[in-house]
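*Asks:* Pasting a structure here, questions to come.
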Amino acid sequence: WISVIVDTGDTMDHGSKAENAFLDPVADLGAPYVWIRGNHDSKETQRYLGRFKNVHVLDDGRAVTVAGLRFAGTGDPQYTPDRSTKALGEPAERLAGIRLASALNDQRAAGTPVDIALAHNPTAARETDGSVPLVLAGHIHHERTEVLPLGTRLRVEGSTGGSGLRAVDDAEPDPVQASVLYLDRATKRLQAWDEIELGGLGLTKAEVSRHLPKENQPGADPSPTPAGSPP
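Here it is, written out as structure tokens:
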């Protein structure tokens, strides 16, 4: 079973009030739903989702414990569908990540270390390196996993909506992608993950692939531990 669903943003396309009804099925998913705002999600989107009893909206480094895991996250500092304002770009993303890292360090100092951090843009997520074992992001519409220099694992999710209307922009539609993560109950560390991929608009492909961190593969050396984290 799925203990908790994590959504790293861009749930909407324009973040408009008219789109809110598409969020209603979230209330019936049967599992806690941890969410952060993406650059296509407005504060209106955030307020609407926050009404649902099973939804935990994280922003400004807010932390919450769900299904035995400690999460903290921040919404994207940009709302790009609003063409009346100038996009703030990469500096804003890095600053958001720095602030999230500071919140993570505060949680650790308080004796409530965070297991999983959330930031929509990978640029922001990378700023948490060394402050948390695992950080989840989105934004780029394709999956990616890497271990950052100080030991934090960055997991970027693909598009669970097949990139919306952008699915018809290119010669081939974007696939629908999601992942199932498996964490150790005692250490709260990632043990394996399944990548799920469905063919995009008009296609019938379905694929599930299992992946292991290098340290869990036979004969591998243990991975580096993020600075300040227990072994």
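Read the sequence shown against our numbering and you will find it ends at 234, with the numbers running on by one and no gaps.
Every residue, glycine too, gets a C-beta built ideally from N, C-alpha and C.
Quick one: grab the DSSP three-state call for G76.
*Replies:* Here G76 sits in strand by DSSP.
*Asks:* Helix, strand or coil for T48? Go by DSSP, reduced to three states.
*Replies:* In the structure shown, T48 sits in a helix (DSSP, three-state: H, G or I).
*Asks:* Output the boundary residues of the alpha helix (DSSP H) element that contains R97.
*Replies:* Where R97 is concerned, the enclosing alpha helix (DSSP H) stretches over E93 to A112.
*Asks:* My understanding is that A34 touches V9, with C-beta atoms under 8 Å, so please give their C-beta distance in whole angstroms.
*Replies:* At roughly 10 Å, the Cβ-Cβ gap does not stay under 8 Å, so A34 and V9 are not in contact.
*Asks:* Per DSSP, which residues does L201 bridge with? Please list them.
*Replies:* Per DSSP, V179 and A209.
*Asks:* Take L91 and list the residues in its own chain whose beta-carbon comes closer than 7 Å to its own, dropping the five residues that flank it on each side.
*Replies:* The answer, listed in chain order, is P80 and Q81.
*Asks:* Tell me which residues share the same chain as D63 and place their Cβ nearer than 7 Å to its Cβ, disregarding the 5 neighbours each side in the sequence.
*Replies:* T77, listed in sequence order.
*Asks:* Only counting the same chain, and skipping five residues up and downstream in sequence, which positions put a Cβ closer than 8 Å to that of G231?
*Replies:* The predicted model places G231 with a pLDDT of 49, which falls under 50 and marks its position as unreliable; any figure quoted below should be read in that light. So the list reads N108, R111, G133 and S134, once near-sequence residues are dropped.
*Asks:* Between which residues of its own chain and H214 is the CB-CB distance below 6 Å, once the five residues before and five after are set aside?
*Replies:* The answer, listed in chain order, is W196.
*Asks:* Is the beta carbon of T131 less than 9 Å from the beta carbon of G100?
*Replies:* A contact, by the Cβ cut-off of 9 Å.
*Asks:* Which class does G26 belong to by DSSP, given the choice of helix, strand or coil?
*Replies:* Note that residue 26 corresponds to Leu in the displayed sequence, not to Gly. Helix, per DSSP.
*Asks:* Given K20, which residues of its chain have a CB within under 7 Å of its CB, disregarding the five upstream and five downstream residues?
*Replies:* Closer than 7 Å at Cβ, skipping near neighbours: E47.
*Asks:* Looking only at its own chain, which residues have a Cβ that is under 7 Å from the Cβ of H144, when we skip the five neighbours before and after it?
*Replies:* Contacts found: G161, S162, S166 and D177.
*Asks:* What are the boundary residues of the alpha helix (DSSP H) that includes T126?
*Replies:* T126 -> alpha helix (DSSP H) spans P125 to R129.
*Asks:* Just mark Y185 as buried or exposed, buried being the case when its beta carbon has 16 or more other beta carbons within 10 Å.
*Replies:* With fewer than 16 other Cβ atoms within 10 Å, it is exposed.
*Asks:* Which one of H123, V60 and D187 has the shortest CA to CA distance from A140?
*Replies:* Nearest option by C-alpha distance: H123.
*Asks:* Can you tell which of Q220, A181 and A189 has the C-alpha that lies nearest to the C-alpha of G202?
*Replies:* Comparing Cα positions, the closest option is A181.
*Asks:* Mapping the DSSP letters down to three states, classify A195 as helix, strand or coil.
*Replies:* Reduced to three states, the DSSP call for A195 is strand.
*Asks:* In terms of residue numbering, what span does the beta strand (DSSP E) encompassing A140 cover?
*Replies:* Segment L137 to A140, the beta strand (DSSP E) holding A140.
*Asks:* Verify whether the separation of the beta carbon atoms of A113 and L137 is less than 9 Å.
*Replies:* Cβ distance not < 9 Å, so A113 and L137 don't count as in contact.
*Asks:* Out of I199, Q220 and P221, state which residue places its alpha-carbon closest to the alpha-carbon of V211.
*Replies:* Looking at the Cα atoms, I199 is the closest of the given residues.
*Asks:* Please report the Cβ distance between H142 and G41, rounded to the nearest whole angstrom; I am assuming they are in contact, meaning their Cβ atoms lie under 8 Å.
*Replies:* Right, their Cβ atoms sit about 7 Å apart.
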